[in-house]
Amino acid sequence: MHVALKLVSQRLALGLLLLFMVSALIFAGTNILPGDVAQSILGQSATPEALANLREELGLNEPALNRYFSWLGGVLQGDLGTALTSGQDIAESMGKRLSNTLFLAMWAAIISVPLAVFLGLVAVRFRDRWPDKLISGVTLASISIPEFLIGYVLMYFIGVKLGWAPTVATIYDGMSLGEKLQTIALPVAVLTLVVLAHMMRMTRAAILNVMQSAYIETAELKGLTMFLIIWKHAFPNSIAPIVNVVMLNLAYLVVGVVVIEVVFTYPGMGQYLVDHVSKRDLPVVQASGLVFAAVYIGLNMVADIVAILSNPRLRHPK
Amino acid sequence: MSESLLKVRDLKIGATVYPPGEKPHDIEIVHGVSFDLEKGKVLGLIGESGAGKSTIGLASMAYGRGGVEITGGEVWVNGRDILKTPLQDVRSLRGGEVTYVSQSAAASFNPAKKIMDQVIEASVRHGKFSRKDAEARAIELFARLGLPDPETIGNRYPHQVSGGQLQRCMTALALCPEPDLVVFDEPTTALDVTTQIEVLMAIKEAIRDTGVAALYITHDLAVVAQVSDDILVLKMGDMVEYGSVDQIINAPREEYTRALVSVRSIDHKEKEPTSEPVLKVENITARYRGTNFDVLHDVNVELHPGQTLAVVGESGSGKSTLARVITGLLPPKEGSIHFAGRDLSAALGGRSREDLRELQMIYQMADVAMNPRQTVGTIIGRPLEFYFGLRGAQKRKRIVELLDEIEMGIEFIDRYPAELSGGQKQRVCIARALAAKPKMIICDEVTSALDPLVADGILKLLLNLQKIEDVAYLFITHDLATVKAIADSIAVMYQGEVVRYGGKTEVLSPPFDDYTDLLLSSVPEMKLGWLEEVIANRKMESAGN
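Protein chains in written order, with the numbering used here: chain A, 31 to 348; chain B, 10 to 554.
Shown next as structure tokens:
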């Protein structure tokens, strides 16, 4: 079989195995918490009989292993269970939230990834001169400030003082794309500022590393301009590490937006999770954990696969 | 006299150095060099490492590598001083009027791009040719340089062709934009000797056919004698001698040039085999784990006490694998090793401390074979402690004796490897091996990374030590000149087999098998017209077949 194909299928298989292991961990983790679902539903004042009845009804007296596999079986068929607090189907209510989160993450990524790579290229081109220092300084400052603080600061100046964007980013069905984009402008800006530095620094470091190579000297001795050298000769060889960091940050945009969603009251996965953790709605917490893990593993798998495919030795074996 | 293409006057080049523990400071590495090169001529720049020859070559493109900076003088190309030309114009010179062929094509080609794209890039970018014309020209050059499948080889990626082929692709890259001058920077040094001669022929013919001028940089005078019209000898950034190739080779004026011309003139008489060999390798067949082909096939060699067996072959011939089998790093599939009258365990773990002591090793890269944070004294002292339990004054006394034997004084005892030259580092490695009082030392390409004169010194030292200590050497090398200088018996290896084996005189005398003949006739000789002779001979032979 083709080498690259073999490696890619190995990565896919490993990703699935990892996801399976994570599902076991999530299940085990939520099960060793004190109390159980029946206790959570009925509260502190529940009578022992009522608890026993509810446990019987929910199947909580089954051995843990059985419960795990029936949960996993449901998940594999797209049934994430029912929320205890609202009685709603989790898959349905979470689907809406997830698509909102992905919408926000996508727009943050569309802006931040090209911007980060471009700034990285500029930083390399003007290495150790003022544009490099300015870019590094600003991006590092923005990553160092807690994101909720940036959120509130932007909210105050851009939202309140200037009135350019709404401070509450609640979107709902029936909004046009333009309205939605205007609504999420502030959270997208904050997220961009948060993930920019990491990706930009990695782009810079990866390209600088490649710039030491002999083939860069060859390109210089061909009389190419510095920007052409960076773009045509250095960048194609630094794709793997850059994609790695980009994927980590994309995963963060999906999984780590809890704070931003709460700050801007955005109806996404983060808020959904926070709400249900505070209500001890374990099936929802389990399902959210699994979805977050799947996103994380999936994106990292994509990074691995891109790294494999960007290696000409694997793509074109001898 | 025709118009000079390249005129260099009083060129001075400086660099910033960062010595450990000191403040960075500027030094001058080229001190006022002047020369002329006419259209269609070839000037050889020759010298040892640190002579500044690559630096001067790159200066003809107004380029300084790393922290190197051109500090003074003039470099005129086609009638303009390129040191005073703005960067945009220098860019059109680089890759257009003047092009560059580096030592390692493998590193100088971008691994992520197809060969064709890289070969024609400069021509297209400088507007010399349209993409289509440039591709046609590249294909023509590939064919002229003797590359296989010239029509399609450009569609491959660099890792898909061999080192010798890639070096020729690099030559095509340099010739593609029809430059006036090509800088060849050690273009054949990294190649096997049989590949080197092919590339050398290709370069020579390409220079002749296209009428391009060239600066040919190398440390190997025998090579440069084959391609140059004039030679400039450099030492530590100074001009030593500048003259026609005939004058430099046949009537060198300077002491240093004479030393370079007569290098490898060690006269070593081969010794007769003794009754009992110290090492007997019998029917060794070996393969690496996870592979399904043998890298050694039924190898049989003997080494006698106090003598040298040279194992010679090109990369991939299995000579280093043989060393790994003998040292126990790679247990063989079949066969056995007898050493000093006993059977050696195949695996390293099964060998006694005495086995380890009596069989020592010296490596090609002396600087990575030593701990950079240990002093010379610690490095040499370690085997004295480990094998003989020497401590304190006794140990120190022995270290001083060993330093004396390798012709380095007591003042080196507290120095670190970074403070030593390449030759001195290799000497310390030799002392470390000798400290164990071995019966046999495996020398794996120990002089390959060294300049010819330094290598000569190491070989003389090794021969001298052999007389004093009666130690046997298994000497692995690809360099036949080294073999001639030190061997008592020779094993020629090719694709994992010993194709020729015996006493030195016997192995190096006709009749030869095909491979040994090819190998021996490919070693450049220090005489004018040698390359043409070999080309003519080979053409005759292939016509005869």
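We treat Cβ as the ideally placed atom computed from N, Cα and C, and that holds for glycine. The structure displayed is predicted, hence computed values, not measured ones.
Check: Where the region 96-116 of chain B meets chain A: residues whose CB sits under 8 Å from a CB there; Outcome: V99, R100, S101, L102, R103, G104, G105, T108, Y109, S111, S113 and A116
Check: Distance between beta carbons of V501/B and V321/B, contact taken as under 8 Å; Outcome: 6 Å
Check: Listed by chain order, chain B residues near A244/A by CB distance under 8 Å; Outcome: S111, S113, A116 and S117
Check: Residue nearest to R391/B in terms of C-alpha spacing, selected from A402/B, V377/B and I408/B; Outcome: I408/B
Check: Partner residues on chain B for P271/A, Cβ-Cβ distance less than 9 Å; Outcome: What P271/A touches in chain B: nothing, since even the nearest Cβ is about 14 Å away.
Check: Neighbour-count burial assignment, S271/B, 16 or more Cβ in a 10 Å radius; Outcome: exposed
Check: C-beta neighbour in chain A for P120/B, strict 8 Å; Outcome: yes
Check: Cutoff 6 Å; reference C178/B; Cβ partners in own chain excluding five residues on either side; Outcome: I124
Check: R345/A CB to nearest heavy atom of the ligand FMN below 7 Å; Outcome: No copy of the ligand FMN appears in this structure; indeed no ligand is present at all.
Check: Beta-bridge partners of W160/A, as assigned by DSSP; Outcome: Looking at the DSSP assignment, W160/A forms no beta bridge with any residue, so it has no partner.
Check: Contacting positions in the region 45-79 of chain B - beta carbon closer than 9 Å to chain A; Outcome: L67, M70, Y72 and R74
Check: Local conformation of K141/B per DSSP, three classes; Outcome: helix
Check: H306/A - containing alpha helix (DSSP H), residue span; Outcome: M299 to S308
Check: Contacting positions in the region 173-190 of chain B - beta carbon closer than 7 Å to chain A; Outcome: none
Check: Candidates V42/B, G104/B and S111/B, of which the one nearest V84/B by Cα; Outcome: V42/B
Check: V290/B versus V308/B - alpha carbon distance; Outcome: 7 Å
Check: Closer than 8 Å to chain B by CB, H263/A; Outcome: yes
Check: Proximal residues of chain A, C-beta to C-beta of E130/B below 7 Å; Outcome: K252
Check: 7 Å CB neighbourhood of V385/B in its chain, flanking five on each side removed; Outcome: F421, I422, R424 and V437
Check: CB contact flag (L280/A, A135/A, <8 Å); Outcome: yes
Check: Chain D contact residues for Y225/B, given Cβ-Cβ distances below 7 Å; Outcome: Chain labels in this structure do not include chain D; the protein chains are A and B.
Check: Identity of the residues DSSP links to K16/B by a beta bridge; Outcome: D45/B and W85/B
Check: Runs of beta strand (DSSP E) lying entirely within the region 153-219 of chain B, each at least 3 residues, in chain order; Outcome: 190-194
Check: Extent of the continuous beta strand (DSSP E) run through Y296/A; Outcome: No beta strand (DSSP E) holds Y296/A; DSSP gives it neither H nor E.
Check: Chain-ordered chain B contacts of K348/A [CB-CB under 8 Å]; Outcome: H168 and Q169
Check: Whole-Å CB distance - I165/A paired with M230/A, under 8 Å assumed; Outcome: 7 Å
Check: Secondary structure of K434/B, DSSP reduced to three states; Outcome: helix
Check: The region 212-227 of chain A / the region 291-311 of chain A touching (three or more Cβ pairs under 8 Å); Outcome: yes
Check: Below-8 Å beta-carbon distance, R89/B vs any chain A residue; Outcome: no
Check: E247/A at chain B interface by Cβ criterion, 8 Å; Outcome: yes
Check: Inter-stretch contact (C-beta, 8 Å, three-pair minimum) for the region 65-78 of chain A and the region 317-333 of chain A; Outcome: no
Check: L52/B - containing beta strand (DSSP E), residue span; Outcome: V51 to I55
Check: Which of helix, strand or coil DSSP assigns to K342/B; Outcome: coil
Check: Proximity of K244/B and G431/B at Cβ, strictly below 8 Å; Outcome: no
Check: H135/B classed as buried or exposed, judged by whether at least 16 other C-beta atoms fall within 10 angstroms; Outcome: buried
Check: DSSP bridge partner residues for A223/B (one or two, in chain order); Outcome: V51/B and V191/B
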